[in-house]
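A.B. asks: I'd like to ask some things about the structure below.
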Amino acid sequence: MDYGSFANKFFSNNREEMGSASSMLTQYDIEEVQEYCNNLCRFSQEEIVALYERFCQLDRNAKGFISADEFLSVPEFSLNSLSQRLLKMVDGLNFKDFVAFLSAFSAKASSQQKIELIFKVYDSDRNGKVSFKDMLEVLKDLSGPFMSDEQREQVLSQVLNEAGYSKDSYLTLDDFIKVLGGSGLKMDVEIPVD
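In the numbering used here, the protein residues as written are 46 to 239.
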């Protein structure tokens, strides 16, 4: 899952068309965003301004939040095999929540933050558990027609067995952290600030 390259393309789009949105963001606003995100937000002040410019570009009607349709206007987002799952997470985000969501893509984000985001992608029904069926659905989204249902089930069963789980297991966030904790996930994004 290469979330980082998706995010890099997402932020590099049409910077020259953004106008002067940054002039509306004060030092107080930036500090408020950093405080709101608490320890999650690892963006510099310049990166927050760049994120605000991108947010304003996406929020075409200046409603103060970004709708699913506005997110889908970004080609890299709409073409992403997990876009429908991600839409559930991003629809209706205001700027502070937008920055908090994107903090998992920061190079400074912890592995736990990244795993928590991945867990939310898998846990589409938001019950705090990921079932074999949930994992199969994500694997199907990722592999498309390149794998049969039987192949997906075999691969997933083997991965779960190697991690000490079975098809009947429900993985919690703690289980995800145990399984993926040492994997060195790469979901870094660079926010262009010039």
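Here a beta-carbon is modelled for each residue, glycine too, at the ideal position from N, C-alpha and C. Please read these numbers as outputs of a predicted model, since none were measured by experiment.
Tell me whether the beta-carbon of Phe116 lies closer than 8 Å to the beta-carbon of Val144.
C.D. replies: Locating residue 116 in the sequence shown gives position 71, where the first residue counts as 1. Locating residue 144 in the sequence shown gives position 99, where the first residue counts as 1. No, these two residues do not count as a Cβ contact at 8 Å.
A.B. asks: Rounded C-beta distance between Ser148 and Cys82? I'm assuming under 8 Å.
C.D. replies: As a working mapping, residue 148 is identified with position 103 in the sequence shown. As a working mapping, residue 82 is identified with position 37 in the sequence shown. Indeed, because the Cβ distance is near 6 Å, the residues count as touching under 8 Å.
A.B. asks: Nearest CA to the CA of Ala152: which residue from Glu92, Gly189 and Val78?
C.D. replies: Taking the sequence shown and counting its residues from 1, one reaches residue 152 at position 107. With distances taken between Cα atoms, Ala152 lies closest to Glu92.
A.B. asks: Between Phe177 and Leu201, is the Cβ-Cβ spacing less than 8 Å?
C.D. replies: The residue given as residue 177 occupies position 132 in the sequence shown. The residue given as residue 201 occupies position 156 in the sequence shown. Cβ distance < 8 Å, so Phe177 and Leu201 count as in contact.
A.B. asks: How far does the alpha helix (DSSP H) with Arg130 in it extend, from its first residue to its last?
C.D. replies: Residue mapping note: residue 130 aligns to position 85 of the sequence shown, counting from 1. Ser128 to Val135 is the extent of the alpha helix (DSSP H) around Arg130.
A.B. asks: Taking the Cβ atom as the reference point for each residue, do Ser118 and Gly137 lie within a distance shorter than 8 Å?
C.D. replies: Walking along the sequence shown from the start, residue 118 turns up at place 73. Walking along the sequence shown from the start, residue 137 turns up at place 92. Contact flag unset, no.
A.B. asks: In terms of alpha-carbon separation, which member of Asp219, Leu181, Gln79 and Leu127 lies closest to Ser156?
C.D. replies: Mapped onto the sequence shown, residue 156 falls at position 111. Cα-wise, what sits closest to Ser156 is Asp219.
A.B. asks: CA-CA distance, Leu184 and Ala154?
C.D. replies: Translated into positions along the sequence shown, residue 184 becomes position 139. Translated into positions along the sequence shown, residue 154 becomes position 109. Going by the C-alpha atoms only, they are around 25 Å apart.
A.B. asks: Going along the chain, which residues of its own chain have a beta-carbon closer than 8 Å to the beta-carbon of Ser68, five neighbours each way excluded?
C.D. replies: The residue given as residue 68 occupies position 23 in the sequence shown. Interpretation of Ser68 is limited by its pLDDT of 49, a score under 50 that renders its predicted location unreliable; no figure is taken from the coordinates.
A.B. asks: Nearest by alpha-carbon distance to Gln203: which of Thr217, Phe191, Pro190 and Met180 is it?
C.D. replies: For the purposes of this step, residue 203 is taken as the residue at position 158 of the sequence shown. Closest option to Gln203, Cα to Cα, is Met180.
A.B. asks: What is the rounded straight-line gap between the Cα of Ala208 and the Cα of Glu76?
C.D. replies: Indexing the sequence shown from 1 puts residue 208 at position 163. Indexing the sequence shown from 1 puts residue 76 at position 31. Ala208 and Glu76: Cα-Cα distance of roughly 42 Å.
A.B. asks: Nearest to Val166 by CA position, among Met192, Tyr215, Leu132 and Glu198, is which residue?
C.D. replies: Walking along the sequence shown from the start, residue 166 turns up at place 121. Taking only the C-alpha atoms, the option nearest Val166 is Leu132.
A.B. asks: Leaving out five residues on either side along the sequence, give the residues of the same chain with a beta carbon under 6 Å from the beta carbon of Gly64.
C.D. replies: Against the sequence shown, residue 64 aligns to sequence position 19. Confidence in Gly64 is poor, its pLDDT being 39 and thus under 50, which makes the residue's placement too unreliable to answer from.
A.B. asks: In the DSSP assignment, what residue or residues form a beta bridge with Leu216?
C.D. replies: Here residue 216 refers to the residue found at position 171 when the sequence shown is read from its first residue. Partner(s): Val175.
A.B. asks: For Asn139, which of helix, strand or coil comes out of DSSP?
C.D. replies: In the sequence shown, residue 139 corresponds to position 94, counting from 1. Residue state, collapsed to three classes: strand.
A.B. asks: Measuring CA to CA, which of Gly173, Gln79, Gln72 and Phe191 is closest to Tyr215?
C.D. replies: Translated into the one-based positions of the sequence shown, residue 215 becomes position 170. Nearest C-alpha to Tyr215: Gly173.
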